[in-house]
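> Per full-length UniProt numbering, numbering of the sequence shown is gapless, rising by one per residue and ending at 724. Sharing a structure with you now.
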Amino acid sequence: MLVRGCGRLSPLLHSLHPLGRAASAAAAVAAKPQETPAPPQYKLTEKDIQRLTFQRNIGVSAHIDSGKTTLTERILYYTGRIRDIHEVRGRDAVGAKMDSMDLEREKGITIQSAATFCDWETTNVDGSKQKYAINIIDTQVSVSHGMKCVGHVDFTIEVERALRVLDGAILVLWGAVAGVQPTTTVDRQMRRYGVPRISFVNKMDRPGANPWRIVSQIRSKLRIPAAAVQIPIGVEDGFKGVVDLVHWRAIYNEGQKGVDVVISDEIPADVLSLAQEKRQELIEQLAEVDEEIGDLVLEDLPPSNDQIADAIKAFHHRLKFSPVFLGSAIKNTAVQPLLDGVCAYLPNPSQLEVVAHDTFRFSAADAPLVGLAFKLEEGRFGQLTYMRVYQGSLKKSNLIYNRELGRSNEMEDIDSIGPGEICAIFGVECSSGDTFTDGSTSFSMTSMFVPEPVISLAIRANGIETPNFSRALNRFKKEDPTFRVHMDQESKETIISGMGELHLEIYVERMRREYNVDCVTGKPRVAFRETISKRSDFVYVHKKQTGGAGQYAKVCGYIEPMEMDPETGKDVAFENHIMGGDHSDELYPCDRKRIGTLTGNPISGVRFVLTDGGYHIVDSSELAFRNATIGAFREAFRGANAIVLEPIMKVEVVAPSEFQSNVIGGLNTRRGTIVDSEVRDDEFTAIAEVALNEMFGYSNQLRGATQGKGNVVVFSGEFSMEYK
Numbered sequence: 001m002l003v004r005g006c007g008r009l010s011p012l013l014h015s016l017h018p019l020g021r022a023a024s025a026a027a028a029v030a031a032k033p034q035e036t037p038a039p040p041q042y043k044l045t046e047k048d049i050q051r052l053t054f055q056r057n058i059g060v061s062a063h064i065d066s067g068k069t070t071l072t073e074r075i076l077y078y079t080g081r082i083r084d085i086h087e088v089r090g091r092d093a094v095g096a097k098m099d100s101m102d103l104e105r106e107k108g109i110t111i112q113s114a115a116t117f118c119d120w121e122t123t124n125v126d127g128s129k130q131k132y133a134i135n136i137i138d139t140q141v142s143v144s145h146g147m148k149c150v151g152h153v154d155f156t157i158e159v160e161r162a163l164r165v166l167d168g169a170i171l172v173l174w175g176a177v178a179g180v181q182p183t184t185t186v187d188r189q190m191r192r193y194g195v196p197r198i199s200f201v202n203k204m205d206r207p208g209a210n211p212w213r214i215v216s217q218i219r220s221k222l223r224i225p226a227a228a229v230q231i232p233i234g235v236e237d238g239f240k241g242v243v244d245l246v247h248w249r250a251i252y253n254e255g256q257k258g259v260d261v262v263i264s265d266e267i268p269a270d271v272l273s274l275a276q277e278k279r280q281e282l283i284e285q286l287a288e289v290d291e292e293i294g295d296l297v298l299e300d301l302p303p304s305n306d307q308i309a310d311a312i313k314a315f316h317h318r319l320k321f322s323p324v325f326l327g328s329a330i331k332n333t334a335v336q337p338l339l340d341g342v343c344a345y346l347p348n349p350s351q352l353e354v355v356a357h358d359t360f361r362f363s364a365a366d367a368p369l370v371g372l373a374f375k376l377e378e379g380r381f382g383q384l385t386y387m388r389v390y391q392g393s394l395k396k397s398n399l400i401y402n403r404e405l406g407r408s409n410e411m412e413d414i415d416s417i418g419p420g421e422i423c424a425i426f427g428v429e430c431s432s433g434d435t436f437t438d439g440s441t442s443f444s445m446t447s448m449f450v451p452e453p454v455i456s457l458a459i460r461a462n463g464i465e466t467p468n469f470s471r472a473l474n475r476f477k478k479e480d481p482t483f484r485v486h487m488d489q490e491s492k493e494t495i496i497s498g499m500g501e502l503h504l505e506i507y508v509e510r511m512r513r514e515y516n517v518d519c520v521t522g523k524p525r526v527a528f529r530e531t532i533s534k535r536s537d538f539v540y541v542h543k544k545q546t547g548g549a550g551q552y553a554k555v556c557g558y559i560e561p562m563e564m565d566p567e568t569g570k571d572v573a574f575e576n577h578i579m580g581g582d583h584s585d586e587l588y589p590c591d592r593k594r595i596g597t598l599t600g601n602p603i604s605g606v607r608f609v610l611t612d613g614g615y616h617i618v619d620s621s622e623l624a625f626r627n628a629t630i631g632a633f634r635e636a637f638r639g640a641n642a643i644v645l646e647p648i649m650k651v652e653v654v655a656p657s658e659f660q661s662n663v664i665g666g667l668n669t670r671r672g673t674i675v676d677s678e679v680r681d682d683e684f685t686a687i688a689e690v691a692l693n694e695m696f697g698y699s700n701q702l703r704g705a706t707q708g709k710g711n712v713v714v715f716s717g718e719f720s721m722e723y724k
């Protein structure tokens with residue numbers, strides 16, 4: 001099996017390759033008693049427990065140029081997975097191993113989540129060694145273009161599908177100087193899937209690094225109890241190691257590229273008082289969630305190192321505490337202690353509860369097969385499907401069934417894939433989020449969250465359209481659930497929709513590079529809506545006489561504003577309140593198209609209520625009532641104070657303090673409303689609500705307003721944007 005970019009798999013045809021030795025997100029949970037026969041329960045064997053105990057399925061998540069791919073590069077290097085370190089924007093033009101796509105290396109961004117595996121040997125306090133197998137997915141959250149940020153969380157689906165199959169994550173906070181930043185988006189995604197996280201404060205070598213403010217922001221902004229489990233030894237350029245507050249020892253990185261880890265029981269005198277203070281703070285934070293630690297604090301007794309470690313692990317799994325590690329990936333400092341923390345505190349696959357649509361899943365190898373296809377990738381040999389096996393095993397010549405399509409695919413050249421493994425398969429027909437079984441069960445796993453697109457472009461081939469045009473669009477649509485394609489029935493244009501400007505730009509560029517299709521795009525079209533602001537009654541009669549049988553229909557009722565149903569998500573409704581009277585069954589098939597009369601955009605927040613009507617024994621028909629309904633709605637809509645709605649985005653901008661007036665002025669010219677701002681050190685953060693239609697091209701304006709210069713390795717201004 002060939003490996004491209006140290007994780008993106010290139011294939012042997014019709015083969016399956018595990019990205020790790022084993023790991024699973026299922027727990028042995030007894031099924032609740034029911035009147036109907038309960039599904040069989042499968043207990044973990046000693047072999048299952050032994051295999052899963054030393055497995056970890058983790059992701060590296062972050063926001064806006066936090067250094068997560070750089071961190072992953074160091075992890076792969078220190079675990080022996082790669083032989084050398086290449087930077088995201090390295091001078092050798094190689095790029096990071098996890099950024100295998102040409103576009104990723106050129107732009108210095110992570111577009112697709114990349115998967116790989118490694119082995120790590122931890123060093124216990126008593127000096128003993130223990131080997132762990134770790135599956136790693138380097139997720140894409142937000143991106144930086146060159147040296148500047150280019151905006152939206154455009155590739156959020158890569159995060160969603162990665163978190164859906166992970167058991168834990170490293171939340172990298174982008175630079176100790178800037179703080180938590182817009183990491184609330186990442187935090188919300190982790191909470192959605194119940195993923196425990198270790199926080200890693202990166203770039204501790206930067207001037208003005210203040211990890212304690214970040215710890216405070218994790219508690220206040222992310223609303224999760226947190227405390228540092230390390231303190232830095234040295235500051236800025238003198239940063240050379242950390243003090244382990246749990247096991248009370250100093251850890252240094254020495255040698256070429258920090259490969260030598262030196263552990264000392266002697267805490268440097270210049271940080272001893274700070275270490276004592278922060279260890280006490282760690283104990284106090286744990287006392288709020290752990291009863292045993294709380295009792296010791298009340299009795300004024302110091303907990304042991306093992307008690308502290310056990311408390312962190314127990315409540316970290318329950319998402320009630322987050323340990324905070326410190327380091328600098330770019331300076332090769334304190335990455336190995338982070339790996340030890342991953343093995344010590346993040347859960348193994350059997351310690352998390354995973355539920356299918358109907359019942360709990362068990363990570364037992366002898367249970368019926370249940371797996372989830374979470375990512376597709378097109379390669380030279382066809383479609384490559386990434387799958388997470390939750391229970392059961394895949395063995396050579398097994399027949400597997402796609403629960404969504406009802407199809408089967410025979411696998412070849414496989415020895416065995418156990419529960420918890422993340423693997424890649426060729427020759428399987430499926431879409432992202434499909435569930436596979438061995439045919440003996442009807443279980444279907446809950447799929448990932450897929451946000452709705454917020455921006456559209458008209459696209460056409462530059463010149464004669466070739467089959468590659470539609471082939472490329474179909475492939476991208478299948479790979480990425482947030483990328484939508486449809487044909488506008490009125491303009492006959494092909495419309496592509498996605499999560500932002502960069503999202504669509506990347507796909508247009510990939511069409512040119514991978515399919516040799518040069519495309520022309522039109523201005524992005526924003527999804528406007530129309531609604532009403534008051535109730536409007538109607539009595540409408542439709543008459544049309546053309547000789548012979550004519551058309552006659554009378555409809556009476558009203559339209560009124562409607563709030564979105566929180567359960568169904570629907571914000572339009574048709575209700576028939578006719579109770580007897582002069583009506584016919586033909587009154588029912590009324591036209592319910594949601595097209596407004598102001599701008600021709602879809603309607604939202606409207607309830608159409610039919611209270612009465614009239615018909616003619618000869619001239620009434622379904623067509624007549626449909627036309628009557630259309631006319632009645634248009635008439636009532638005009639009298640209901642109709643308004644146009646547009647998507648409003650929450651925008652967070654970070655820039656040097658000297659450019660504060662320029663940035664705020666730029667937001668004001670785009671009809672933005674400043675809702676919060678914060679000035680700290682040499683930079684400031686502004687939070688605003690801005691119409692999406694006004695945000696096109698903002699990244700270029702922001703760079704100009706903050707005097708960003710070519711290749712200067714400084715951040716002149718960044719912004720992130722999410723739908724509000």
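The beta-carbon is built from N, C-alpha and C at its ideal position, and this holds for glycine as well.
#1: Residue 735 and GLU567 look like a contact to me (Cβ under 8 Å); what is the Cβ gap, rounded to whole Å?
#2: For VAL242, does the three-state DSSP call read helix, strand or coil?
#3: Can you tell me the Cβ-Cβ gap for PHE321 and VAL297, rounded? I've got them flagged as a contact below 8 Å.
#4: Can you list, in chain order, the residues of its chain with a C-beta nearer than 8 Å to that of THR673? Leave out the 5 residues immediately preceding and following it.
#5: Suppose you measure from the CA of GLN230 to the CA of PRO337; what does that come to, to the nearest Å?
#6: Given this structure, state the Cα-to-Cα distance separating VAL186 from ALA169, to the nearest angstrom.
#7: Tell whether a beta-carbon distance below 8 Å holds between LEU319 and GLY194.
#8: Any idea if VAL679 is buried or exposed, counting beta-carbon neighbours within 10 angstroms, 16 or more meaning buried?
#9: For CYS206, which residues does DSSP report across the bridge?
#10: In chain order, what residues of the same chain lie with their CB nearer than 8 Å to the CB of ASP205, ignoring the 5 residues before and after it?
#11: Have a look at CYS423 and VAL60 and give me their C-alpha separation to the nearest angstrom.
#12: Between the stretch 551-570 and the stretch 520-537, are three or more C-beta pairs nearer than 8 Å?
#13: Using the rule of at least 16 other Cβ atoms within 10 Å of the residue's Cβ for burial, across every protein chain shown, is LEU245 buried or exposed?
#14: With distances taken from CA atoms, which of ILE85, VAL125, ARG81 and ASP126 is nearest ASP119?
#15: On the premise that VAL389 lies in contact with GLY420, defined as a C-beta separation below 8 Å, what is that separation, rounded to the nearest angstrom?
#16: Return the chain-ordered ranges of every beta strand (DSSP E) run that is complete within the stretch 515-576 and spans a minimum of 3 residues.
#17: Would you mind stating whether VAL370 and GLN391 have Cβ atoms separated by less than 8 Å?
#18: With DSSP as the reference, label GLU160 as helix, strand or coil.
#19: For HIS247 and VAL125, what's the separation of their Cα atoms in angstroms?
#20: Check whether the Cβ atoms of PHE483 and PHE476 lie closer than 8 Å to each other.
#21: Say whether the stretch 67-80 touches the stretch 437-447, bearing in mind that this needs 3 or more beta-carbon pairs closer than 8 Å, one atom from each stretch.
#22: Quick one: using the 10 Å Cβ neighbour count with 16 as the cut-off for buried, is GLY704 buried or exposed?
#23: Kindly give me the distance between the Cβ atoms of ARG626 and THR597, rounded to whole angstroms, as I take these residues to be in contact under 8 Å.
#24: State the Cα-Cα distance for the pair GLN660 and GLY258, rounded to the nearest angstrom.
#25: Buried or exposed: which applies to ILE400, given that a residue is buried once 16 or more other Cβ atoms fall within 10 Å of its Cβ?
#26: Identify which residue in THR385, THR437, ASP84 and ALA314 has its Cα closest to the Cα of LEU347.
#27: Just list the residues that DSSP pairs ASP260 with in beta bridges.
#28: Starting from GLY168, trace the beta strand (DSSP E) in both directions and tell me its first and last residue.
#29: Mapping the DSSP letters down to three states, classify TRP248 as helix, strand or coil.
#30: Quick check on GLU530: buried or exposed, where buried means 16 or more other Cβ atoms within 10 Å of its Cβ?
#31: Where in the stretch 424-486 do unbroken runs of the beta strand (DSSP E), each at least 3 residues long, occur, reported from the N-terminal end onward?
#32: Could you pull the start and end residues of the beta strand (DSSP E) that TYR390 belongs to?
#33: Out of curiosity, what's the CA-to-CA distance linking HIS316 and ASN474?
#34: Apply the 10 Å Cβ neighbour rule to MET564 and answer buried if 16 or more other Cβ atoms are within range, or exposed otherwise.
#35: Round the Cβ separation of PHE325 and SER199 to the nearest angstrom and send it over; I've been treating them as touching at under 8 Å.
#36: Answer yes or no: do ALA624 and ALA573 have a C-beta to C-beta separation smaller than 8 Å?
This is what the structure gives:
#1: Outside the shown range of the chain, which is 1 to 724, sits residue 735, and nothing can be said about it.
#2: As a working mapping, residue 242 is identified with position 242 in the sequence shown. Correct three-state label for VAL242: strand.
#3: Residue mapping note: residue 321 aligns to position 321 of the sequence shown, counting from 1. Residue mapping note: residue 297 aligns to position 297 of the sequence shown, counting from 1. With 8 Å as the limit, PHE321 and VAL297 do not qualify as a contact, their Cβ atoms being about 15 Å apart.
#4: As a working mapping, residue 673 is identified with position 673 in the sequence shown. So the qualifying residues of the chain are ALA688, GLU689 and VAL690.
#5: Position 230 of the sequence shown, counted from the first residue, corresponds to residue 230. Position 337 of the sequence shown, counted from the first residue, corresponds to residue 337. Computed Cα separation, rounded: 10 Å.
#6: Walking along the sequence shown from the start, residue 186 turns up at place 186. Walking along the sequence shown from the start, residue 169 turns up at place 169. If I take the Cα positions, the gap works out to 11 Å.
#7: Position 319 of the sequence shown holds residue 319. Position 194 of the sequence shown holds residue 194. A contact, by the Cβ cut-off of 8 Å.
#8: Indexing the sequence shown from 1 puts residue 679 at position 679. It is exposed - the Cβ of VAL679 has fewer than 16 other Cβ atoms within 10 Å.
#9: Translated into positions along the sequence shown, residue 206 becomes position 206. Rather than Cys, the amino acid found at residue 206 in this sequence is Arg. DSSP output for ARG206 lists no bridge partner at all.
#10: Position 205 of the sequence shown, counted from the first residue, corresponds to residue 205. Closer than 8 Å at the Cβ level, and outside the excluded window around ASP205, lie GLU236, ASP237, PHE239, SER328, ILE330, LYS331 and THR333.
#11: Residue numbering aside, residue 423 sits at position 423 when the sequence shown is read from its first letter. Residue numbering aside, residue 60 sits at position 60 when the sequence shown is read from its first letter. In a straight line, the C-alpha of CYS423 is about 18 Å away from that of VAL60.
#12: Flag = yes, the stretch 551-570 and the stretch 520-537 touch.
#13: On the sequence shown, position 245 is the one that residue 245 refers to. Label assigned to LEU245: buried.
#14: Locating residue 119 in the sequence shown gives position 119, counting from the first residue. The option with the nearest alpha carbon to ASP119 is ARG81.
#15: The residue you call residue 420 lines up with position 420 of the sequence shown. The residue you call residue 389 lines up with position 389 of the sequence shown. The Cβ separation is near 7 Å, so the contact holds.
#16: If we require 3 residues or more, the beta strand (DSSP E) runs fully inside the stretch 515-576 come out as 519-521, 529-531, 536-544, 551-561 and 572-576.
#17: Locating residue 370 in the sequence shown gives position 370, where the first residue counts as 1. Locating residue 391 in the sequence shown gives position 391, where the first residue counts as 1. Result yes, Cβ atoms of VAL370 and GLN391 sit closer than 8 Å.
#18: In the sequence shown, the residue the question calls residue 160 occupies position 160. Correct three-state label for GLU160: helix.
#19: What you label residue 247 is simply residue 247 of the sequence shown in a count that begins at 1. What you label residue 125 is simply residue 125 of the sequence shown in a count that begins at 1. Taking the straight line joining both Cα atoms gives about 7 Å.
#20: Taking the sequence shown and counting its residues from 1, the one referred to as residue 483 is at position 483. Taking the sequence shown and counting its residues from 1, the one referred to as residue 476 is at position 476. Their beta carbons are under 8 Å apart, which means PHE483 touches PHE476 by this criterion.
#21: The answer is no - the stretch 437-447 does not touch the stretch 67-80, with fewer than three Cβ pairs under 8 Å.
#22: Position 704 of the sequence shown, counting from 1, holds the residue named residue 704. Looking at its Cβ environment, which holds fewer than 16 other Cβ atoms inside 10 Å, GLY704 is exposed.
#23: Translated into the one-based positions of the sequence shown, residue 626 becomes position 626. Translated into the one-based positions of the sequence shown, residue 597 becomes position 597. Their Cβ separation, rounded to whole angstroms, is 17 Å, which puts ARG626 and THR597 out of contact at 8 Å.
#24: What you label residue 660 is simply residue 660 of the sequence shown in a count that begins at 1. What you label residue 258 is simply residue 258 of the sequence shown in a count that begins at 1. Going by the C-alpha atoms only, they are around 39 Å apart.
#25: Here residue 400 is taken as the residue at index 400 of the sequence shown, counted from 1. So ILE400 ends up on the buried side.
#26: For the purposes of this step, residue 347 is taken as the residue at position 347 of the sequence shown. The question names Leu, but residue 347 is Pro in the sequence shown. When each option's Cα is compared against that of PRO347, the closest is ALA314.
#27: The residue you call residue 260 lines up with position 260 of the sequence shown. In the DSSP output, where bridge partners are listed per residue, ASP260 has GLU254.
#28: Your numbering for residue 168 matches position 168 in the sequence shown. Taken as a continuous stretch (DSSP letters only), the beta strand (DSSP E) holding GLY168 covers 168-173.
#29: By one-based count along the sequence shown, residue 248 stands at place 248. In this structure, TRP248 counts as coil in the three-state DSSP scheme.
#30: The residue you call residue 530 lines up with position 530 of the sequence shown. It counts as buried.
#31: 435-437 and 455-461
#32: Your numbering for residue 390 matches position 390 in the sequence shown. First-last of the beta strand (DSSP E) with TYR390: 382-391.
#33: Here residue 316 refers to the residue found at position 316 when the sequence shown is read from its first residue. Here residue 474 refers to the residue found at position 474 when the sequence shown is read from its first residue. A straight line joining the alpha-carbon of HIS316 with that of ASN474 spans about 42 Å.
#34: The residue you call residue 564 lines up with position 564 of the sequence shown. Looking at its Cβ environment, which holds fewer than 16 other Cβ atoms inside 10 Å, MET564 is exposed.
#35: For the purposes of this step, residue 325 is taken as the residue at position 325 of the sequence shown. For the purposes of this step, residue 199 is taken as the residue at position 199 of the sequence shown. So it is a contact: roughly 7 Å between Cβ atoms.
#36: Start at 1 with the first residue of the sequence shown, and residue 624 comes out as number 624. Start at 1 with the first residue of the sequence shown, and residue 573 comes out as number 573. Contact flag unset, no.
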